[in-house]
Amino acid sequence: MSVTENLRPEKVFHYFEEICKIPHGSGNVDQLSDYLVDFAKKRGLACIQDAWKNVIMIKEAAPGYEEEEPMILQGHMDMVAVKKPEAAIDMAKEGLRLLVEGDELYAEDTSLGGDDGIAVAYALAILDSDDIAHPRLEVIITVDEEVGMDGARQLDVSMLKGRRMVNLDSEEEGIILAGCAGGARVDWSLPVARTEKEGKRYDLKIKGLLGGHSGAEIDKERGNANILMGRLLYRLGKEMGFYLEGLEGGLADNAIPREAHAVVLVQEEDGNLLEKTVTKLEEELKGELQTKDPGIAVEAMGMEGKRSACLSGEDTDRLVRLLLAAPDGVQAMSADIKGLVETSLNMGIVELKEEKAMIQFSVRSSLESAKKALIEKLESIASMAGASQEIRGDYPGWAYRKDSPFRDMAVKVFCRMYGSEPQIQAIHAGLECGLLSAKIPGLECISIGPDMKDIHTTEERLSISSTERVWNYVLELLKHKK
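The sequence shown runs 3 to 484 under my numbering.
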């Protein structure tokens, strides 16, 4: 039995459920890309699938709309695939387990991928219908947006005729986005050496944090488990000698880490002091985050075994100091738009491997110069610790256009449907509008979407009623004539 069969709009939720049956985390989209191609072929639609697995589908204008300007509908097929630590699901191989609660759709123990599966579902529902009024439709579904917009960067759009685009990658109904930040991924690599050590082993955990999207939620100043783990390890180093055996935290560079854990070795006589130090720091953090992130917990659990391969004392010290020194969170607020974050970064992933420690950041700014300056700051900090830095997935911002006839039309349609004005905003998160605007001269964009909350987390929820209202709004945009 279909989980969504009683939900409206029926076709939208049908295709959303079909998408959710196919694993499609970033870097694992081949199966979904092929599904889209097969969908287009079965309906006789023009379709292009490039070497990166991006898909473009084209449907000619409905009768009476042949003379209207073409419209581009755009979204991405990859999702941030995260799960609860105890969840018995392999998200690289298994589909999501959808559930409905009241007006909300969610996935059991995992992220939902409404960002941006809902864009794909909207597009497929439109392409699969013969009773929707629309101009020539050019549907762009990209890959790997969540890990640096690599698909949009590689996409050839020379065959497209549209100069109006609706990006369906936003998460708040009633807001029309008209600009966004640029960003980049920054990777640190710190070489380390291991040696056999003996002592009392502890598993240290920081957990219970809210996490969230590193663009949309960064201004809430929630706890970053990786940063807080650096603080804990540094505190332990001040109290006693220890060796670091293992360290990991975070699941995606653009998601604020909710959990981190480390395995350390201390002298037998220092066990009680370690536990007291952990308890003391937990009390401090609970006080600091009681409003912003009240669920934080810091734990220390004794482990079996007395010997293990650990980092040398020097390498342990270098890595801990690097974690503690790294900037994180909001760096500057916009002077032009009240409440808008201008520049930020998020230490999303930390992983200690056999011969190196890897630290990954998501850097964002609406000012290209500020983004560059922050990346240079990171490079300086890394070099002082003997780490190397690599930049990937660098993408431009989407500049606000003062004059946009297409946006003006979208506002008029919204007012007619909703009986109120939409909010026109820019956001700190990244959208593919910037990259595509650079490729398509004269492109006018808006970004819209239904209400979603806690995207990129296991608490992600999609509003069912909002999905229907935004669907109707999209249809009105397509129906509108000059």
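Where is the CB? At the ideal position from N, CA and C, for every residue including glycine. Every value quoted in this text rests on a predicted model; they were computed, and no experiment measured them.
Cβ-heavy atom distance between residue i and the ligand ATP below 6 Å?
i, result
"residue 321", "Inclusion of the ligand ATP in the displayed structure is not the case, the ligand content being empty and no account of it being possible."
Using only alpha-carbon positions, find the residue among the options that is nearest to residue i.
i, options, result
"residue 346", "388, 323, 302, 258", "258"
"residue 426", "413, 418, 9", "413"
"residue 389", "352, 191, 5", "191"
"residue 183", "12, 481, 402, 417", "402"
"residue 239", "319, 349, 199, 108", "319"
"residue 237", "307, 279, 12", "279"
"residue 387", "64, 424, 326", "326"
"residue 151", "43, 474, 232, 28", "28"
"residue 268", "313, 284, 261, 282", "313"
"residue 180", "57, 405, 364", "405"
"residue 315", "334, 194, 431", "194"
"residue 263", "288, 120, 210", "210"
"residue 433", "117, 484, 26", "117"
"residue 483", "468, 445, 408", "408"
"residue 382", "429, 324, 357, 416", "324"
"residue 56", "144, 248, 362, 336", "144"
"residue 131", "37, 422, 14, 410", "14"
"residue 197", "371, 431, 357", "357"
"residue 395", "362, 40, 418, 458", "362"
"residue 266", "444, 289, 322", "322"
"residue 307", "26, 270, 136", "270"
With DSSP as the reference, please indicate the residues paired to residue i in a beta bridge.
i, result
"residue 215", "257"
"residue 448", "168"
"residue 112", "85"
"residue 394", "187"
"residue 533", "Residue coverage of the chain in this structure runs from 3 to 484, which leaves residue 533 outside it and unanswerable."
"residue 61", "139"
"residue 352", "251, 361"
"residue 310", "199"
"residue 463", "455"
"residue 91", "Paired residues: none, contrary to the question."
Going by DSSP in three states, residue i sits in which element: helix, strand or coil?
i, result
"residue 55", "coil"
"residue 175", "coil"
"residue 144", "strand"
"residue 1", "Residue numbering for the chain in the displayed model covers 3 to 484; residue 1 lies beyond these limits and cannot be assessed."
"residue 136", "coil"
"residue 382", "helix"
"residue 343", "strand"
"residue 2", "Nothing can be reported for residue 2: it is not among the residues displayed for the chain, which extend from 3 to 484."
"residue 119", "helix"
"residue 231", "helix"
"residue 149", "helix"
"residue 127", "helix"
"residue 375", "helix"
"residue 291", "coil"
"residue 328", "coil"
"residue 106", "strand"
"residue 273", "helix"
"residue 239", "helix"
"residue 315", "helix"
Following the continuous beta strand (DSSP E) through residue i, name the residue where it begins and the one where it ends.
i, result
"residue 439", "From DSSP, residue 439 is part of no beta strand (DSSP E) but of the alpha helix (DSSP H) over 435–441."
"residue 456", "Taken as a continuous stretch (DSSP letters only), residue 456 belongs to no beta strand (DSSP E), as it is neither H nor E."
"residue 205", "202–209"
"residue 333", "331–335"
"residue 75", "73–78"
"residue 161", "Element bounds for residue 161: n/a, residue is neither H nor E."
"residue 389", "Residue 389 -> no beta strand (DSSP E), and no H or E assigned at all."
"residue 220", "Careful: residue 220 lies outside any beta strand (DSSP E) and carries neither H nor E."
"residue 302", "299–304"
"residue 485", "As shown, the chain starts at 3 and ends at 484. That puts residue 485 outside it, with no answer to give."
In terms of residue numbering, what span does the alpha helix (DSSP H) encompassing residue i cover?
i, result
"residue 411", "407–420"
"residue 102", "Careful: residue 102 lies outside any alpha helix (DSSP H), inside the beta strand (DSSP E) at 100–103."
"residue 12", "12–22"
"residue 471", "466–481"
"residue 367", "Run containing residue 367: none in the alpha helix (DSSP H); it sits in the beta strand (DSSP E), 358–367."
"residue 154", "152–156"
"residue 39", "32–44"
So with Cβ pairs under 7 Å, would you call residue i a contact of chain C?
i, result
"residue 92", "The structure shown has no chain C; it contains just one protein chain."
Evaluate contact between the stretch 13–22 and the stretch 118–137, counting only Cβ atoms and requiring at least three cross-stretch pairs below 8 Å.
Under the 8 Å Cβ criterion, the stretch 13–22 counts as touching the stretch 118–137, having at least three qualifying pairs.
Under 8 Å: do the stretch 295–314 and the stretch 204–224 share three or more Cβ pairs, one atom per stretch?
yes
Touch test, the stretch 168–188 against the stretch 282–298, Cβ-Cβ under 8 Å, three pairs minimum
no
Any chance the stretch 374–381 sits against the stretch 246–258, with 3 or more Cβ pairs inside 8 Å?
For the pair of segments examined, the stretch 374–381 was found not to touch the stretch 246–258: the number of CB pairs separated by less than 8 Å stays below three.
Below 8 Å, can you find three or more Cβ-Cβ pairs linking the stretch 157–174 to the stretch 448–460?
yes
Sufficient close CB pairs (3 or more, under 8 Å) joining the stretch 226–234 to the stretch 333–353
yes
Any contact between the stretch 216–228 and the stretch 461–472? By contact I mean 3 or more CB pairs, one from each, below 8 Å.
no
Contact between the stretch 90–108 and the stretch 427–447 (3+ Cβ pairs under 8 Å):
no
The stretch 32–47 in contact with the stretch 60–80 per 3-pair CB rule at 8 Å
Yes: at least three Cβ pairs fall under 8 Å.
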